[in-house]
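Residue numbers (full-length UniProt numbering): 1 to 245.
Written as structure tokens, this is what we have:
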């Protein structure tokens, strides 16, 4: 177990020293001496996003901004960094998203991440890892890891954000049943703080359910998710600017 922890820590340090992006947690410095590991990260005063998912005070507009931040971080890791390398996080979930003083979201905890050349579609591993409630079922069956596994996990996180609740074993079957029955529009964001524009919700639900597609090749890329989330955000903001200013 000790060696596994050391390997995870070393992996995180190496990745964060190499990859810098506004939506990836910044490693300011680290020291490794013998068995000792000391790291200094940028200060994230709001902590984990999991502490805010359920709170009504976090408006729909702000939730969309946070989703765009996460998708932007994933787009960078999945090939936008121009390093010729793909970084698969392997444990995207609300507690691994940290919020800075401006509530900007940053992806954190890279101990389980896997890197591979950008020209490879996937890598075959000898064991699975990551949080069970967020894991891609195909990855669990085959041990074949690809960037689409992160997209699946992100899809679960999107539905958490919509429903203001953390993922559990029944979340995905519930969502997929509604989708199969043509009732996905029954999933709405309940808020007494603001008017949530139905079209914004529709765009959000559509891209979120695409992230959970059983076939990896049918899932959107992080960049495609960004485009749809920005549409949802612009519709929400435009409505409030028109009616409340």
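We put the beta carbon where it would ideally sit given N, CA and C, even for glycine.
Just so you know, these numbers come straight off a predicted model, no measurement behind them.
Using a Cβ-Cβ cut-off of 6 Å (strictly less than) and excluding sequence neighbours within five positions of residue 208, which residues of its own chain qualify? For the purposes of this step, residue 208 is identified with residue 208 of the chain shown, where counting begins at 1. Only residues of its own chain outside the window of five on either side were considered, and among them 155, 158, 159 have a CB closer than 6 Å to the CB of residue 208, listed in chain order.
Report yes or no: do the stretch 198–216 and the stretch 41–50 share at least 3 C-beta pairs separated by less than 8 Å? Between the stretch 198–216 and the stretch 41–50 there are fewer than three C-beta pairs closer than 8 Å, too few to call the two in contact.
Considering just the uninterrupted stretch of the alpha helix (DSSP H) at residue 249, what are its terminal residues? Residue numbering for the chain in the displayed model covers 1 to 245; residue 249 lies beyond these limits and cannot be assessed.
According to the Cβ coordinates, are residue 113 and residue 90 closer than 8 Å? As a first step, residue 113 must be located in the chain shown, where it is residue number 113. As a first step, residue 90 must be located in the chain shown, where it is residue number 90. Yes, Cβ-Cβ distance for residue 113 and residue 90 is below 8 Å.
Mind checking who residue 52 pairs with in its DSSP beta bridge? The residue given as residue 52 occupies position 52 in the chain shown. Looking at the DSSP assignment, residue 52 forms no beta bridge with any residue, so it has no partner.
Cβ contact check for the stretch 6–26 and the stretch 60–77: 3 or more pairs under 8 Å: Taking 8 Å as the limit for Cβ pairs, the verdict is that the stretch 60–77 does touch the stretch 6–26.
Is it the case that the stretch 137–148 contacts the stretch 112–129, given that we only count it when at least three CB pairs across the two stretches are under 8 Å? Judged by Cβ distances under 8 Å, the stretch 112–129 makes contact with the stretch 137–148, as three or more pairs qualify.
Which stretch, first to last residue, makes up the beta strand (DSSP E) that contains residue 85? The residue given as residue 85 occupies position 85 in the chain shown. Taken as a continuous stretch (DSSP letters only), the beta strand (DSSP E) holding residue 85 covers 85–88.
So for residue 30, helix, strand or coil by DSSP? One-based indexing of the chain shown puts residue 30 at position 30. DSSP places residue 30 in strand when its eight states are reduced to three.
May I have the straight-line CA-CA distance separating residue 1 from residue 9, to the nearest angstrom? Here residue 1 is taken as the residue at index 1 of the chain shown, counted from 1. Here residue 9 is taken as the residue at index 9 of the chain shown, counted from 1. Unreliable positioning characterises residue 1 in this predicted model, as indicated by a pLDDT of 43, which lies under 50. The coordinate reading is nonetheless provided below. Residue 1 and residue 9: Cα-Cα distance of roughly 12 Å.
Per-residue DSSP class, three states only, for residue 172: For this step, residue 172 is matched to residue 172 along the chain shown. DSSP places residue 172 in helix when its eight states are reduced to three.
Assuming residue 233 contacts residue 73 (C-beta within less than 8 Å), just tell me the rounded distance between them. On the chain shown, residue 233 is found 233 positions in, with the first residue counted as 1. On the chain shown, residue 73 is found 73 positions in, with the first residue counted as 1. Incorrect: roughly 16 Å between the Cβ atoms, too far for contact.
Using a threshold of 8 Å, state whether the C-beta atoms of residue 210 and residue 219 are closer than that. Start at 1 with the first residue of the chain shown, and residue 210 comes out as number 210. Start at 1 with the first residue of the chain shown, and residue 219 comes out as number 219. Going by beta carbons, residue 210 and residue 219 fall inside the 8 Å limit.
Counting only the same chain and skipping the five closest in sequence on each side, list residues whose C-beta sits under 6 Å from that of residue 45. Counting from one through the chain shown, the residue named residue 45 turns up at place 45. Only 101 meet the Cβ criterion.
Which partner residues of residue 116 appear in the DSSP bridge assignment? Along the chain shown, read from residue 1 onward, the residue named residue 116 stands at position 116. The beta-bridge partner set that DSSP reports for residue 116 consists of 86.
DSSP has residue 37 in a bridge; who is on the other side? Within the chain shown, residue 37 is the residue found at index 37, counting from 1. Answer is 32.
Less than 8 Å between the C-beta atoms of residue 31 and residue 88, yes or no? Walking along the chain shown from the start, residue 31 turns up at place 31. Walking along the chain shown from the start, residue 88 turns up at place 88. Not in contact: residue 31 and residue 88 (Cβ atoms no closer than 8 Å).
Residue 164: which of 50, 36, 28 sits nearest, CA to CA? As a first step, residue 164 is located in the chain shown; it is residue number 164 there, counting from the start. For the residues 50, 36, 28, the minimum Cα distance to residue 164 belongs to 50.
Just to confirm, is the Cβ distance from residue 78 to residue 183 under 8 Å? On the chain shown, position 78 is the one that residue 78 refers to. On the chain shown, position 183 is the one that residue 183 refers to. No.
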